[in-house]
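J.: So that we are looking at the same thing, I have put the structure below in structure tokens.
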């Protein structure tokens, strides 16, 4: 792999940059293909495959270097990147009126439920010191005493000093540049020293810390590599950007989302960015399947956007009285977190199109086309796939 830094590539010609892009894409594609091949050959022994993969230091370093260059030198020129989308959604939800509108919607549902059942209102409702001073109804029906016990784990809008963000599979911690975030980046093979080494699949989640927000911020600012434990209910946002498709098994993707639920505060956001260069409805069934599976864990999808090469989803963590979420609940099962490659030997049909397709057409034509196309979006107030 080239040891040049991404910032040194701006002087390259278009042809040279295209060739570099294809070479870096080849590194990434080969890793994905090898993991999927081994998964099939071992009959789905994902634990053994993952342990061996995490021990291959040179391969992980090459992959991290390739992803770093691709993100900074190539994808950063897109009209809207995965990073800007995440930041925009976080701003709309926490710093504008997104969360308050969601809570107001919860209140309307609770009142409607109370009217239909002719029973007292028993939602998570208490006076709070939120920005609007309004009542908070956090996601689902629960006993007031349960709400009081969980109050420290619920997002309070007026007490947000910094938005605590966990970027899983971070590579180079792109969110660190934004002052409004306390960005914790973790990766099995960090590309920069600002990212902590961590295998998220084996990360241990501890009981929530009953401490003041500034104390929690101090703890998160003083983590050491490798990160092996994190307290539950510690983050306002968890980001899975181009992460879930890395894993060859739907079960691993399922476990990641369950772990994100534990690490998020109530009313926190799970942001998932998934690659797909096809038209919006080409993989609509898959997106519906993911939505159903993730919402069964205790989330509600708050926003969806289909960008040129990406599915971008925001899920809000709801209040859940159960300490543990059942793995199998009715018609919900881990295989719902599938991707087309799981049953397709062709390695270029889905994720790798994101890497490859940016240079499939002339650069000028591509950028003009993408700028002219508005993203397809759905909010929680609308019908959505």
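Residue numbers (our numbering): -19 to 365. Idealized CB from N, CA, C, for every residue including glycine. Since the model is a prediction, treat every value here as computed from it, not as a measurement.
1. In angstroms with no decimal places, state the Cα-to-Cα distance between residue 34 and residue 84.
2. I'd like to know if the segment 173 to 191 and the segment 210 to 222 are in contact, where contact means that at least 3 CB-CB pairs between them fall below 8 Å.
3. In angstroms, rounded to a whole number, what distance separates the CA positions of residue 235 and residue 167?
4. Given this structure, state the Cα-to-Cα distance separating residue 29 from residue 178, to the nearest angstrom.
5. Can you tell me the Cβ-Cβ gap for residue 254 and residue 287, rounded? I've got them flagged as a contact below 8 Å.
6. Can you name the residues that DSSP bridges to residue 64?
7. Is the beta carbon of residue 233 less than 7 Å from the beta carbon of residue 293?
8. Does the distance from the C-beta atom of residue 446 to that of residue 215 stay below 7 Å?
9. Are at least three pairs of beta-carbons, each pair with one atom in the segment 151 to 171 and one in the segment 46 to 55, less than 8 Å apart?
10. Could you work out which residue in 321, 146, 313 and 141 is closest to residue 274 when comparing CA atoms only?
11. Quick one: Cα of residue 55 to Cα of residue 5, how far?
12. So, under 8 Å CB-CB, residue 219 and residue 298 are touching, yes? Tell me the CB distance rounded to an integer number of Å.
13. What residue range does the beta strand (DSSP E) around residue 26 cover?
14. Which residues bound the alpha helix (DSSP H) around residue 136?
15. Taking the alpha-carbon positions, what's the residue 61 to residue 291 distance?
16. Less than 8 Å between the CB atoms is what I'm expecting for residue 164 and residue 147, so what's the real figure, rounded?
17. Answer yes or no: the CB of residue 256 versus the heavy atoms of the ligand NAD, is any distance below 6 Å?
18. Please go through the same chain and pick out, in chain order, the residues whose beta-carbon is closer than 6 Å to the beta-carbon of residue 43, but skip the five residues on each side of it.
19. Who are the near neighbours of residue 231 in its chain, counting only those whose CB is closer than 7 Å to its CB and skipping five residues on each side?
20. Less than 7 Å separating the beta-carbons of residue 246 and residue 133?
21. Assign residue 391 to buried or exposed, taking buried as 16 or more other Cβ atoms, counted over all protein chains shown, within 10 Å of its Cβ.
22. DSSP has residue 217 in a bridge; who is on the other side?
23. To which residues does DSSP link residue 163 through a beta bridge?
24. To the nearest whole angstrom, what separates the beta carbons of residue 238 and residue 277, a pair I think is in contact under 8 Å?
25. If you count every other CB in all the chains shown that lies within 10 Å of the CB of residue 78, and 16 or more means buried, which is it?
26. Closest to residue 284 by CA distance: which of 66, 41, 170 and -7 is it?
27. First and last residue of the alpha helix (DSSP H) that includes residue 211?
28. Which residues does DSSP pair with residue 186 in a beta bridge?
29. Can you tell me which of the three DSSP states residue 255 falls into?
30. Give me the Cα-Cα distance between residue 183 and residue 207, rounded to the nearest whole angstrom.
31. Can you tell me where the beta strand (DSSP E) with residue 175 in it begins and where it stops?
32. Between which two residues does the alpha helix (DSSP H) harbouring residue 3 extend?
T.: In this structure, then:
1. Along the chain shown, read from residue 1 onward, the residue named residue 34 stands at position 54. Along the chain shown, read from residue 1 onward, the residue named residue 84 stands at position 104. Approximately 45 Å, taken between the alpha carbons.
2. Touching, per the Cβ criterion.
3. Here residue 235 refers to the residue found at position 255 of the chain shown. Here residue 167 refers to the residue found at position 187 of the chain shown. Cα to Cα, the separation comes out at about 16 Å.
4. Translated into the one-based positions of the chain shown, residue 29 becomes position 49. Translated into the one-based positions of the chain shown, residue 178 becomes position 198. Using only the alpha carbons, I get a separation of about 17 Å.
5. Stepping through the chain shown from its first residue, residue 254 is reached at position 274. Stepping through the chain shown from its first residue, residue 287 is reached at position 307. Actually they do not touch by this definition, with Cβ atoms about 11 Å apart.
6. Position 84 of the chain shown holds residue 64. Bridge partners of residue 64: none, in fact.
7. Looking up residue 233 in the chain shown gives position 253. Looking up residue 293 in the chain shown gives position 313. No, the pair does not count as a contact, with Cβ atoms beyond the cut-off.
8. A query on residue 446 cannot be resolved here, the shown segment of the chain reaching from -19 to 365 and no further.
9. yes
10. Along the chain shown, read from residue 1 onward, the residue named residue 274 stands at position 294. Nearest option by C-alpha distance: 313.
11. Position 75 of the chain shown, counted from the first residue, corresponds to residue 55. Position 25 of the chain shown, counted from the first residue, corresponds to residue 5. Straight-line Cα distance between these residues: approximately 12 Å.
12. Walking along the chain shown from the start, residue 219 turns up at place 239. Walking along the chain shown from the start, residue 298 turns up at place 318. Actually they are not in contact, since the Cβ atoms of residue 219 and residue 298 sit about 19 Å apart, beyond 8 Å.
13. Start at 1 with the first residue of the chain shown, and residue 26 comes out as number 46. From DSSP, residue 26 is part of no beta strand (DSSP E) but of the alpha helix (DSSP H) over 26 to 35.
14. As a first step, residue 136 must be located in the chain shown, where it is residue number 156. Segment: none, residue 136 is in no alpha helix (DSSP H) and carries neither H nor E.
15. The residue given as residue 61 occupies position 81 in the chain shown. The residue given as residue 291 occupies position 311 in the chain shown. If you draw a straight line from the Cα of residue 61 to the Cα of residue 291, it is about 12 Å long.
16. If you number the chain shown from 1, residue 164 lands on position 184. If you number the chain shown from 1, residue 147 lands on position 167. Indeed, because the Cβ distance is near 7 Å, the residues count as touching under 8 Å.
17. As for the ligand NAD, it is missing from this structure, which has no ligand bound.
18. Here the question's residue 43 lines up with position 63 in the chain shown. Once the five neighbours on either side are set aside, the close Cβ partners of residue 43 are 11.
19. Walking along the chain shown from the start, residue 231 turns up at place 251. 26 and 314, listed in sequence order.
20. Translated into positions along the chain shown, residue 246 becomes position 266. Translated into positions along the chain shown, residue 133 becomes position 153. Contact: yes.
21. Residue coverage of the chain in this structure runs from -19 to 365, which leaves residue 391 outside it and unanswerable.
22. Within the chain shown, numbered from 1, the residue matching residue 217 stands at position 237. In the DSSP output, where bridge partners are listed per residue, residue 217 has 145 and 249.
23. Here residue 163 corresponds to residue number 183 of the chain shown, with the count starting at 1. Per DSSP, 145.
24. Here the question's residue 238 lines up with position 258 in the chain shown. Here the question's residue 277 lines up with position 297 in the chain shown. Cβ-Cβ separation between residue 238 and residue 277: approximately 6 Å, consistent with a contact (criterion under 8 Å).
25. Position 98 of the chain shown holds residue 78. Classification for residue 78: buried.
26. The residue given as residue 284 occupies position 304 in the chain shown. The candidate whose alpha carbon is nearest that of residue 284 is 66.
27. Within the chain shown, the letter at position 231 stands for residue 211. Annotation for residue 211: no alpha helix (DSSP H) segment contains it, though the beta strand (DSSP E) segment containing it runs 209 to 211.
28. Taking the first residue of the chain shown as position 1, residue 186 is located at position 206. BP columns for residue 186 point to 211.
29. For this step, residue 255 is matched to residue 275 along the chain shown. Looking at residue 255 - three-state DSSP - the assignment turns out to be strand.
30. In the chain shown, residue 183 corresponds to position 203, counting from 1. In the chain shown, residue 207 corresponds to position 227, counting from 1. Roughly 8 Å separates the two Cα atoms.
31. The residue given as residue 175 occupies position 195 in the chain shown. Unbroken beta strand (DSSP E) run through residue 175: 175 to 177.
32. Stepping through the chain shown from its first residue, residue 3 is reached at position 23. For residue 3, the uninterrupted alpha helix (DSSP H) segment begins and ends at -6 to 21.
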